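One structure below.
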Amino acid sequence: MATTTTAPEKVGIQFTETMRGYFSTKVKNDYQLAAQQGIQDNSKFEFTLTVTSNDLDKMLTDESHKAKLVGSVTAPALSPTPLTVSDGEFNLFIVDPASVNTRRMVYRMKMTAADGKVYYFEGFKVVHNDPGFDIWADTTTLYITVHDGDSPNSPVLGQGIIKILPTDFLHQLSTLEVTNTTNLQQKIEETARFGSFFAGVLFNVYGGIFAPSKIFNPDAPPRQKRPLRMSAPEVHFFKTTDGVQLRLIRYQGGTKGPVMLAPGFGTSTLAFSIDTVETNLPEFLYAHGYDVWLFDYRASADLPSATTQFSADEIALYDWPAAVKQVRAITESETVQVVGHCVGSMSFLMAMLAGLQGVRSAVCSQLTTHPRAATLNEIRAGLRLASFLTVLGVDTLDPDFDTHADWQDKLYDTVLRLYPTKEPYNNPVDRRILFMYGEVYKIAQLNEATHDAVHEIFGPANMTFFRHISLILREGHIVNKDGKDVYLPHLERLAIPIALLHGADNAFFLPEGSAITYKLLCEKNGGDLYVRHVIPDYAHMDCFMGKNAARDIFPTILAELDKFN
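Rendered as structure tokens:
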């Protein structure tokens with residue numbers, strides 16, 4: 006008996022796009038004038054179309070980059086009821102032979118009204134080398150022509166301009182789907198492949214408007230590192246109750262403590278133990294008799310979990326309890342001390358407010374319960390690009406850059422040169438850090454070796470966390486990822502000695518934020534438990550990585566820890 010073999014379905018892709026604008030039958034040869042006339046006449050034009058390709062490989066490799074269009078159109082000037090789309094065709098980034106360094110996204114389709122009347126629709130988006138970086142306008146503005154008949158040869162009936170609104174764009178990002186994959190890994194790879202083409206083309210169009218960058222060379226021999234002035238470390242891996250593997254690195258310098266050092270988001274504990282300064286914080290505390298524990302929570306650049314999706318809630322509710330429990334168990338200590346920086350600080354305070362036990366004192370650096378961000382506009386701008394990259398299958402941002410730069414790196418570097426900053430951020434890693442976070446260090450406070458090694462400290466950061474911290478900044482105080490005020494009603498749980506540390510020149514999270522936290526804690530639990538130090542001439546991370554931090558800042562941290570040993 007003969008058998009029939011069916012070829013496996015090819016990997017495809019689809020997404021849905023909604024655009025809205027104005028159209029006029031009175032103006033037929035000028036898109037701008039037609040749109041203005043449409044506004045005057047309140048002649049709206051709107052469509053919701055699904056772009057579908059059943060063969061992603063062909064779509065990306067064929068020079069026409071073709072896909073199908075289905076959907077509906079609402080245009081009262083054409084029909085009182087929605088029109089149905091048929092024979093729709095979409096071309097992604099085809100070369101425009103009439104213009105240098107220009108590509109077009111082209112839409113063609115028939116539109117059929119309920120009474121059977123057929124119109125032909127043509128639309129195009131132009132992506133070209135504008136003065137300045139105008140990717141949003143280029144990729145969200147569609148110039149449209151409607152023909153009175155079923156072909157492009159039919160007489161022109163009218164023209165107009167329609168655009169993607171921000172709310173519709175956010176919805177569009179959520180609709181991107183790679184189809185007919187056999188497993189999650191293939192789905193991720195094919196989504197990234199589409200993104201590589203999409204963003205790669207954008208870079209090739211826009212990249213030439215800026216000068217070349219000084220870039221990190223991964224082929225250079227590894228830099229010579231000095232040995233740390235501490236005993237050999239103990240490395241402890243452990244899991245949280247939600248199954249995430251974390252890491253603790255112990256340097257046992259004595260019986261003081263134990264003290265846990267938690268870094269900021271998107272970095273690892275290397276931010277504390279970097280060897281490019283004469284004396285780093287772990288060495289300083291070790292030399293003064295402390296049992297030092299470097300805590301890499303799930304956001305650590307050194308852990309696989311850094312590329313997964315999570316919010317500050319998971320760090321507070323799962324990571325901190327598991328880590329404190331681990332340190333207490335190994336050291337057989339009833340309590341621990343904490344030095345938390347940035348998100349390491351904020352998430353610790355959230356954990357305490359959620360009921361964390363076993364901490365006798367803490368030093369909280371820069372980010373507290375009421376953050377105030379001078380760079381909120383930059384963060385929001387970053388999130389817009391982050392959302393844009395999400396449609397390309399990018400769930401994380403990474404500040405690293407090298408001579409083997411891929412499409413993400415190229416796109417980042419092109420965009421980020423436009424960012425205004427008082428700091429001389431003249432290399433791609435600096436600019437990525439500026440984009441993702443803001444001005445996190447004063448370059449004048451870093452020695453050259455530390456500045457050159459910054460790429461070793463930072464790593465990927467996920468979009469879920471950025472959305473959470475953006476929500477917190479908008480609210481003006483810590484909330485959970487759903488926006489609920491579940492932490493601050495329990496300020497009595499922070500009735501332990503806490504020293505707040507803030508760089509006076511911090512342009513990332515302003516000193517005003519820790520001042521608010523300090524005032525509220527004193528009012529709630531008594532001023533004798535709290536102290537606040539504002540460090541002149543320092544900003545954010547340079548409070549720990551600064552070339553003179555061991556002289557200017559570490560003695561203050563040591564004194565606060567020593568009070569409770």
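Heads up: the sequence shown begins at 6 in the numbering used here, then just goes up one per residue.
For each residue, glycine too, the CB sits at the ideal point set by N, CA and C.
Fair warning: this is a prediction, and the values are worked out from it, not measured in the lab.
Local Cβ density within 10 Å of residue i, reported as buried at 16 or more and exposed below that
| i | result |
| --- | --- |
| residue 394 | Caution applies to residue 394, whose pLDDT of 48 falls short of 50 and renders its modelled position unreliable; the value that the coordinates give is listed next. Buried, by the Cβ-count rule. |
| residue 391 | For residue 391, the predicted model reports a pLDDT of 46, less than 50, meaning its position is unreliable; a value from the coordinates is still stated below. So residue 391 counts as buried. |
| residue 247 | exposed |
| residue 204 | Model confidence at residue 204 stands at a pLDDT of 47, short of 50, so the residue's coordinates are unreliable and nothing is read from them. |
| residue 537 | buried |
| residue 360 | exposed |
| residue 211 | With a pLDDT of only 33 at residue 211, under 50, the local geometry of the prediction cannot be trusted, and no value is derived from it. |
| residue 389 | Caution is warranted here: a pLDDT of 46 is assigned to residue 389, below 50, making its placement in the model unreliable, and no coordinate value can be reported. |
| residue 120 | exposed |
| residue 567 | exposed |
| residue 183 | buried |
| residue 39 | buried |
| residue 100 | exposed |
| residue 273 | buried |
| residue 68 | exposed |
| residue 497 | exposed |
| residue 321 | buried |
| residue 458 | buried |
| residue 304 | buried |
| residue 513 | buried |
The alpha helix (DSSP H) enclosing residue i, as first and last residue numbers
| i | result |
| --- | --- |
| residue 543 | Per DSSP, residue 543 belongs to no alpha helix (DSSP H) and is neither H nor E. |
| residue 561 | 559-567 |
| residue 480 | 468-480 |
| residue 450 | Premise fails: residue 450 is in no alpha helix (DSSP H) and is neither H nor E. |
| residue 263 | Segment 261-267 is the beta strand (DSSP E) holding residue 263; no alpha helix (DSSP H) there. |
| residue 61 | 61-66 |
Own chain partners of residue i with C-beta closer than 8 Å, once the 5 adjacent residues on each side are dropped
| i | result |
| --- | --- |
| residue 452 | 281, 282 and 552 |
| residue 547 | 446, 447, 450, 451, 508 and 554 |
| residue 157 | 113, 125 and 127 |
| residue 501 | 357, 364, 365, 366, 367 and 534 |
| residue 139 | Only weak support exists for where residue 139 lies, its pLDDT of 46 falling under 50; the value from the coordinates is given anyway. Answer for residue 139: no residue qualifies. |
| residue 49 | 25, 26, 27, 28, 43, 79, 80 and 81 |
| residue 186 | 16, 192 and 195 |
Neighbourhood of residue i by C-beta, 6 Å cutoff - its chain only, sequence neighbours within 5 removed
| i | result |
| --- | --- |
| residue 145 | 168 and 169 |
| residue 36 | 148, 164 and 166 |
| residue 230 | 280 |
| residue 267 | 300, 345 and 349 |
| residue 240 | 254 |
| residue 296 | 257, 262 and 263 |
| residue 517 | 377 |
| residue 84 | 118 |
Residue j beta carbon less than 9 Å from that of residue i
| i | j | result |
| --- | --- | --- |
| residue 123 | residue 154 | yes |
| residue 356 | residue 376 | no |
| residue 73 | residue 57 | yes |
| residue 368 | residue 506 | yes |
| residue 308 | residue 253 | no |
| residue 469 | residue 362 | no |
| residue 489 | residue 316 | no |
| residue 499 | residue 293 | no |
| residue 544 | residue 570 | no |
| residue 565 | residue 520 | no |
| residue 82 | residue 30 | yes |
| residue 515 | residue 379 | yes |
| residue 23 | residue 52 | yes |
| residue 61 | residue 21 | no |
Continuous beta strand (DSSP E) stretch holding residue i: start and end
| i | result |
| --- | --- |
| residue 528 | No beta strand (DSSP E) holds residue 528; the alpha helix (DSSP H) holding it covers 516-530. |
| residue 168 | 161-168 |
| residue 455 | Not the beta strand (DSSP E): residue 455 falls in the alpha helix (DSSP H), residues 453-457. |
| residue 296 | 295-301 |
| residue 367 | 364-370 |
| residue 100 | 88-100 |
| residue 151 | 146-152 |
| residue 348 | Residue 348 -> not in any beta strand (DSSP E); alpha helix (DSSP H) instead, spanning 348-358. |
| residue 25 | 17-29 |
Proximity test, residue i beta-carbon vs the ligand ZN heavy atom, cut-off 8 Å
| i | result |
| --- | --- |
| residue 283 | In terms of ligand content, the structure shown is empty, and the ligand ZN therefore cannot be addressed. |
Same chain, Cβ closer than 7 Å to residue i, five either side skipped, listed in chain order
| i | result |
| --- | --- |
| residue 549 | 276, 277, 286 and 346 |
| residue 233 | 278, 280 and 288 |
| residue 159 | 125, 152 and 153 |
| residue 14 | 185 |
| residue 245 | 251, 323, 324 and 327 |
Problem - Cβ contact check for the stretch 246-263 and the stretch 524-531: 3 or more pairs under 8 Å - result: no
Practice task
State whether the stretch 114-124 contacts the stretch 90-102, with contact taken as three or more CB pairs (one from each stretch) at a distance under 8 Å.
Solution key: yes
Exercise for the section: Indicate whether the contact test is met: 3 or more Cβ pairs, each with one atom in the stretch 297-304 and one in the stretch 485-498, closer than 8 Å. Expected result: No, the stretch 297-304 is not in contact with the stretch 485-498.
Exercise for the section: Evaluate contact between the stretch 459-467 and the stretch 329-336, counting only Cβ atoms and requiring at least three cross-stretch pairs below 8 Å. Expected result: no
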